[in-house]
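Residue numbers (the working numbering), protein chains in the order written: chain Z, 1 to 792; chain A, 1001 to 1326.
The next block holds one structure in the form of structure tokens; read it before the comments.
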């Protein structure tokens, strides 16, 4: 009947089904699934009891599942509460349809309606049927893992967040138990199966050895699961979150893979229309009129909307000494070195990109933060900035209109990346762009014309418009409604700039916010903003502000002085400045002619492929050095444990004997015990051992014969054995004497008697260091042994 | 092994070893090439136990019993057990003395220091059970009067394997009263050759003179009582015996009396080794002779021809020795 295997298969199915928890709210579905599993397994047992063929086994399982669903969900329509009738069948059908529509209507976790519960029970029950058939009837336990895995992977596929590692451990443990049970039944098919963990209760008979085999299997299984869980945490670049969601919800699937975030623009719109206008962050800056705080730089127009190209993060991208790579293209204009201390509100969830004033050069924050060199976005795969305070040093470009008019020629890599527009862009957009640009030929003049076009009377600001999702929405905005919020303005201007041959991208983040009485600045959700950044060689990426500002627009937006209308109307004689900032572009100490002399040079040379990307290879060894260091620590651990335990033994023995020196008895045999334990550990290290049933006397005898000991070594061994024997069994132990020397003599004797390889292993990887670990594992297994089901 | 020098026990043990050495030399002059059997017999004597020697006819069972008896200067009686032997032939009988006109008790052969029961399994169960009271309680009750037996009192019984014809297997209760069972085994060829030379002229048994007095043996027995048994070792003895009770191949495990016998014999063996404390090795060595004859294998074990001796050896082989004083 294979009752035990049946039960284990059922338990494995149940454990794997726990992984479905993210799909449903509440726990009712689990009970429904448990009932289905029990029904299916019982049918399986019955089918095997009457030795029915495998096909009927399958049919019985399905029939039992049907009866179970009928009884539980359509009891009132069924005959005798369980036998399906046409009306119960149609009820099941309608319930399934309701469940299906609910599952499609709601995002996970789905509220547990009756239909949803029925679908869950049906799904789990079907898996149970297949597992029961494969593992128990057909004795193919390994393929039974596939339906279990399928069940486990459903939530992983549906939800962005991965399934908890605990669910993984449960599922894996269930499957491993199934494999073990199957294997152990096959091994013992012709013999008597005996458990040998506690032999006094059940002693292995002649066919013994399967107990040890099963023990090894269990140890391997536990080790495999442990490695699967722990390895990702030690390997640099792979993060446990990416695999099991360890440590909280995550956005990114892995340290070295493409990074995905919730769409920045969608988030932006959500923030803009938030009713509570919640606090996002506060900051203090030494810049009188701080610049916008940038989260994302969207460098790609995918044909419908702005997004950033796949962000492939590697450990080389980690911030080194909090330094960022030099800002691309910024070398020829004045800059202001700005220091800001930013505190992200604790309520701001999931801050994985840091809001930074452009262009950040140094970010002082703890954790694994990485930088995307071309866009200078700073992000983390597993750290959150919510509730944290960090300081950032930025090099704010202060170009004049002249600087921008006289910008140098575009570097090829900027040209190739930031001028890309979809081939099939409707002609209307190009027409509007060229109309707006008019006769202007200089890129800066074209940009100013675009900005003026958007901030002019034609366009109106409104956050009630839906976010643009398709290219058509943008065209609609440009040609028909001319009403939108920053996203439409920024996206349109960036797109049209590209059409006009100006490298452009869309930045998403926050405006400067509002200054408080104490001089700090506060940024609220209504300050969320998007703006175009245009590239001018020498000034790098500079922002423009096409979104209407003030009370009729984005309240806290402001136009930088180089982009003010007056500047564009004039011929580039310098700007009058933005509100509150203009007066400070004078020759104050904080303003330097370039970012930093050395940096400027590095900038020019840094404009190779990838823009300001730092050379590869400098960051690579750090991860690997860490890994090698970790490996070395792991390798040195056994020796360390061994030496520490040796020291501890002797120290304890000495401590106890000295303490008892005051009492009536001098030595309770502690040093003898220590010497014996040391001898045993040394013997194990050298691949020598004696049985637990050997007394010290017998063990010494065995070793003497095995190693053909003579002379001082034999005497030393006899002394140690006698001392231990007397310490254990005699009324009076013998004094410690020369035991410590004797143990050393024996260690040398052991080393002399084994081959070189064993000797080396004894020194480098002493196996006795593993005994503690192993005995702990054995205790764990024995504890598990009590939970095992009785044999049939 | 260093000679123990702790207290009186240690000094006494020196003397004990000396006397024991003399006795075993005396016995070995008669029984060639069986030092283990001789030593075990001595161990049982010092443990105040009874010895069952089981083997095929003609390997020197009776010779060992008689040699042991004769090397100690004490009263020795020998009873040849036959199917028609009556209980009173062993315990003694009250006979009417016509001169004195009263019943008077004529002590049977059991009133001796060493009783050699030859081929004990040829007697009827009734007669065998007559030995029960004597062996355990060291007293005889005849016609309502209880007579105490002199110390030391030791029954050395020999028996043929139960498969032989014309035998009654000893009941479990009686087997349990024997401290140890040993089998002689055939002598090795060299010892057999020497035996031919020695036994060719005259029986060496005749030349055997006692080397120790009964009083000496009594002192030795007292000394054995003072051998130290650590609590851990006692627990180990209990573990060994308990293991026989739980073993799947055994229908009947060893009794608490077996535990007692085991520890007592281990004390004697330690004393013979001039040690004033018992080590697990003593118990390990004595487990088979002391326990095996009390155990009944299950039908399956019998089919598999697993003897209780093998089971006990296996238990001892697998049970970890105590590694700390408890």
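Ideal placement from N, C-alpha and C gives every residue a C-beta, glycine not left out.
Small disclaimer: the values here were computed from a predicted structure and weren't measured.
At the level of alpha carbons, what is the spacing between residue i and residue j?
| i | j | result |
| --- | --- | --- |
| residue 356 of chain Z | residue 519 of chain Z | 18 Å |
| residue 441 of chain Z | residue 502 of chain Z | 11 Å |
| residue 552 of chain Z | residue 277 of chain Z | 17 Å |
| residue 150 of chain Z | residue 19 of chain Z | 11 Å |
| residue 526 of chain Z | residue 475 of chain Z | 26 Å |
| residue 403 of chain Z | residue 539 of chain Z | 7 Å |
| residue 296 of chain Z | residue 494 of chain Z | 15 Å |
| residue 1328 of chain A | residue 1135 of chain A | What is shown of chain A runs 1001 to 1326, which leaves residue 1328 of chain A out entirely. |
| residue 1280 of chain A | residue 141 of chain Z | 47 Å |
| residue 599 of chain Z | residue 331 of chain Z | Confidence is the limiting factor: at residue 599 of chain Z the pLDDT is only 35, short of 50, which leaves the residue's position unreliable, though a coordinate-based value still follows. If you take the alpha carbons of residue 599 of chain Z and residue 331 of chain Z, they lie about 8 Å apart. |
| residue 393 of chain Z | residue 427 of chain Z | 44 Å |
| residue 655 of chain Z | residue 1223 of chain A | 37 Å |
| residue 1054 of chain A | residue 1140 of chain A | 26 Å |
| residue 448 of chain Z | residue 563 of chain Z | 7 Å |
| residue 104 of chain Z | residue 485 of chain Z | 32 Å |
| residue 16 of chain Z | residue 10 of chain Z | 10 Å |
| residue 1322 of chain A | residue 693 of chain Z | 9 Å |
| residue 515 of chain Z | residue 419 of chain Z | 37 Å |
| residue 274 of chain Z | residue 510 of chain Z | 14 Å |
| residue 1095 of chain A | residue 1130 of chain A | 19 Å |
| residue 65 of chain Z | residue 83 of chain Z | 12 Å |
| residue 700 of chain Z | residue 1019 of chain A | 30 Å |
| residue 1317 of chain A | residue 1287 of chain A | 11 Å |
| residue 351 of chain Z | residue 463 of chain Z | 23 Å |
| residue 269 of chain Z | residue 299 of chain Z | 19 Å |
Looking only at C-alpha atoms, which of the options sits nearest to residue i?
| i | options | result |
| --- | --- | --- |
| residue 716 of chain Z | Z:746, Z:732 and Z:692 | Z:746 |
| residue 1194 of chain A | A:1034, A:1125 and A:1315 | A:1034 |
| residue 411 of chain Z | Z:375, Z:82, Z:329 and Z:483 | Z:329 |
| residue 334 of chain Z | Z:370, Z:169, Z:324 and Z:401 | Z:401 |
| residue 962 of chain A | A:1253, A:1113 and A:1243 | Outside the displayed span of chain A (1001 to 1326) sits residue 962 of chain A, for which this structure offers no information. |
| residue 1278 of chain A | Z:718, Z:98 and Z:695 | Z:695 |
| residue 1120 of chain A | A:1057, A:1203, A:1082 and A:1172 | A:1082 |
| residue 168 of chain Z | Z:4, Z:415 and Z:21 | Z:21 |
| residue 534 of chain Z | Z:24, Z:358 and Z:227 | Z:358 |
| residue 1156 of chain A | A:1138, A:1242 and A:1045 | A:1045 |
| residue 324 of chain Z | Z:343, Z:377, Z:293 and Z:287 | Z:377 |
Along the alpha helix (DSSP H) that carries residue i, what are the first and last residues, could you check?
| i | result |
| --- | --- |
| residue 8 of chain Z | 3-17 |
| residue 432 of chain Z | 427-437 |
| residue 496 of chain Z | 486-499 |
| residue 1308 of chain A | 1308-1318 |
| residue 684 of chain Z | 670-685 |
| residue 444 of chain Z | 443-455 |
| residue 761 of chain Z | 756-764 |
Return yes when the C-beta of residue i is under 7 Å from any heavy atom of the ligand FMN, and no when it is not.
| i | result |
| --- | --- |
| residue 747 of chain Z | Absent from the structure shown: the ligand FMN. Ligands present: none. |
Tell me the residue span of the beta strand (DSSP E) that contains residue i.
| i | result |
| --- | --- |
| residue 1154 of chain A | 1154-1159 |
| residue 510 of chain Z | 504-510 |
| residue 1135 of chain A | Premise fails: residue 1135 of chain A lies in the alpha helix (DSSP H), 1125-1137, not in any beta strand (DSSP E). |
| residue 418 of chain Z | Where residue 418 of chain Z is concerned, there is no enclosing beta strand (DSSP E), although the alpha helix (DSSP H) it sits in stretches over 412-418. |
| residue 541 of chain Z | 540-543 |
| residue 1323 of chain A | Careful: residue 1323 of chain A lies outside any beta strand (DSSP E) and carries neither H nor E. |
Going by DSSP, which residues form a beta bridge with residue i?
| i | result |
| --- | --- |
| residue 377 of chain Z | Z:372 |
| residue 1297 of chain A | A:1250 |
| residue 364 of chain Z | Z:391 |
| residue 340 of chain Z | Z:285 and Z:392 |
| residue 1145 of chain A | A:1142 |
| residue 279 of chain Z | Z:524 |
| residue 825 of chain Z | Given a span of 1 to 792 for chain Z in the structure shown, any question on residue 825 of chain Z remains unanswerable. |
Q.
Which runs of the alpha helix (DSSP H) at least 4 residues long sit entirely within the region 93-152 of chain Z? Give them in chain order.
A. Complete alpha helix (DSSP H) runs here, min 4: 114-131.
Q: Only counting runs of 4 or more residues, tell me where the alpha helix (DSSP H) segments fall wholly within the region 1035-1111 of chain A, in order along the chain.
A: List check, alpha helix (DSSP H) in window: 1035-1046, 1061-1071 and 1088-1091.
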